[in-house]
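For any residue, its number in my numbering is found by taking its place in the sequence shown, counting from 1, and adding 3.
Where is the CB? At the ideal position from N, CA and C, for every residue including glycine.
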Amino acid sequence: MWIGVDDTDAREGMCTTYLALEIIEEMERRGYALLSFPRLVRLNPNIPWKTRGNGAIALRFGRGVKKLHRIGEVRGREVWVWEGEDVSPSPGALRAVMGIVERRRVRSRDTSPGVVVAESMPSALYWRAVRDVVWMRDVVPVLEGEKALFSGINGGRGVIGAAAAIAWDERFVTYELLTYLPESEWFRERWVDDASVAEMERRTRRTFDSYDPYQGRAVIKPSARTPVLYGIRGTLWEELVDAMGMVSADRYESWLIFATNQGSDDHIVETRVCDVRPFTSCALYGRVVKNPVRIRGGHVIFSIDDGTGEISCAAYRPTGPFRDVVQSLRAGDEVVVYGGVRDRPLTLNLEKIRVVSLIKLRVKVANPRCPCCGKSMESIGRNSGYRCRKCGTRSEDAVYREVKRDIAPGWYEVPPSARRHLAMPLALLSDQKLRGVEDEKRHK
Ligand SMILES: [Zn+2]
């Protein structure tokens, strides 16, 4: 039996994960055991009406037979993933979880919580919800088809994310260990030691995006005040427990490891410029057609063309040094751009870029010398070539010097502080992809 929950938090992204702790406590009291890692599933980041992190949770409960992994501690009680047997969705479970949501949700016009209890959901729903826009009218028939139990408050739009979190097929999984403050500390300043986080990242092999070297600060602390003290991301869940031990911070009351689609690039669709739609994310191959310009506010904008159309790409101010990389591009360079698409004007908000090839840039240093008599030739006129005044020999080309480019072919990404939850850091890209083998196969 899967339980999915979404849209319980207004601006603060991480409160929905806190509900996982209370749901686990409640379900264990009722004799159920957790049969998988709790899920934190991020959905389409480009939806204008999303909550801050656009993350939903899903938990799988059943009858426990044998303890497998210790994955957390909630107010002094260990949380385990069990080997066990699945059970059928129960109306009692839906009522219990609705009770928790009702008690804990942020009461505002913007929240529209939803809970889904189901045996499974088709993965197509996940892929639509992470890449596109999904409406209640799309989801309700799917829920009914799966005989799911569901309920919502204030419109219950959260049912969409809750169902999508259950539908996630875990094609690419990372983990996040979240620590939680005692309730009395939720709205206070919290302290996480930057240096200890930098050190933790050096000493662990499979964690990512904990520390931003450009800003010289830890990025594991949520920017808003929420129950979360910090979250450490990695591809090996066992290592996250060691990593937690290396971070100096305020005292936490609970911790829990989630399986997530963060860093998966699941939101990215490889497409052509003519097929780009607003509120989606894509990878586009093309040539730079307009040299980058830095506009007011410090954003860098350029545009590419792939033969089917032209689109602007932007590296916004928070992407810091990434903007300098982008600014070094010139018309004619061949690139693959990754990012979310903003509406009006249609602009790709860059998450990363692969520079495939660079054009040669050259500057004229002198008129050519005559190949017959060696005298310096003179220009006939703009773009018309040169002629020797003495013997009349003509030549097209002047003497050029190649200008060294201050960018090289390869991958470039925004710093961790500007990374979207779903965006795959270069550190996680497969070797094949890093070499560009996949792109080359596709485009040649
Ligand atoms: Zn001559």
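Gly388 versus Glu399 - alpha carbon distance: 4 angstroms
Using the C-alpha atoms, what's the distance from Arg98 back to Thr210? 37 angstroms
If we ignore side chains and look at the alpha-carbon of each, how far apart do Gly16 and Ala59 end up? Per-residue confidence for Gly16 stands at a pLDDT of 45, beneath the threshold of 50, marking its modelled position as unreliable; no derived number is given.
For Lys436, the first and last residue of its enclosing alpha helix (DSSP H): 434 to 437
Thinking Val200 and Asp212 are a contact (beta carbons under 8 angstroms), I'd like their distance in whole angstroms, please. Actually they are not in contact, since the Cβ atoms of Val200 and Asp212 sit about 11 angstroms apart, beyond 8 angstroms.
Expected contact under 8 angstroms - CB spacing of Pro321 and Ala421 to nearest Å: 5 angstroms
Listed by chain order, which residues have C-beta atoms less than 6 angstroms from any heavy atom of ligand 1? Cys373, Cys375, Cys376, Lys378, Cys391, Lys393, Cys394, Thr396
Using 8 angstroms for Cβ pairs, my map puts Val104 next to Thr20. What's the rounded Cβ distance? Their Cβ separation, rounded to whole angstroms, is 13 angstroms, which puts Val104 and Thr20 out of contact at 8 angstroms.
Where does Thr114 fall in DSSP's three states? coil
Which residue marks the beginning of the beta strand (DSSP E) containing Phe282, and which one marks its end? That residue, Phe282, is in no beta strand (DSSP E); it is neither H nor E in DSSP.
Along the chain, where does the beta strand (DSSP E) that runs through Tyr341 open and close? 337 to 345
Measure the beta-carbon distance from Pro295 to Ile307 and round it to whole angstroms, keeping in mind my assumption that it falls under 8 angstroms. Wrong, their Cβ atoms sit about 11 angstroms apart, outside the cutoff.
8 angstroms Cβ shell around Met247 - same chain, five flanking residues per side excluded: Leu180, Thr182, Ile235, Trp258
Expected contact under 8 angstroms - CB spacing of Tyr233 and Pro418 to nearest Å: Going by Cβ atoms, the distance from Tyr233 to Pro418 rounds to 18 angstroms, so no, they are not a contact pair.
What three-state label does DSSP hand Met4 in the structure shown? coil
Would you list the one or two residues that DSSP bridges to Asn49? Answer by DSSP bridge pairing: none, since Asn49 is not bridged.
Taking Cβ to Cβ, would you say Ser284 is nearer than 9 angstroms to Tyr341? yes
If you compare alpha carbons, which of Arg390, Val8, Gly266 is closest to Ile169? Val8
Exposure label - Glu192; buried when at least 16 CB within 10 Å: exposed
Identify which residue in Arg73, Cys376, Val279 has its Cα closest to the Cα of Val344. Val279
Only counting the same chain, and skipping five residues up and downstream in sequence, which positions put a Cβ closer than 6 angstroms to that of Leu429? Trp414, Glu416
What's the C-alpha gap between Glu31 and Phe40? 15 angstroms
Please classify Asn386: is it buried, with 16 or more other beta-carbons within 10 angstroms of its beta-carbon, or exposed? exposed
Option in His72, Trp85, Met101, Cys18 with minimal Cα separation from Glu29: Met101
Span of the alpha helix (DSSP H) holding Ser126? 126 to 134
Please work out which residues of its chain come closer than 6 angstroms, Cβ to Cβ, to Gly148, disregarding the five sequence neighbours upstream and downstream, and give them in chain order. none
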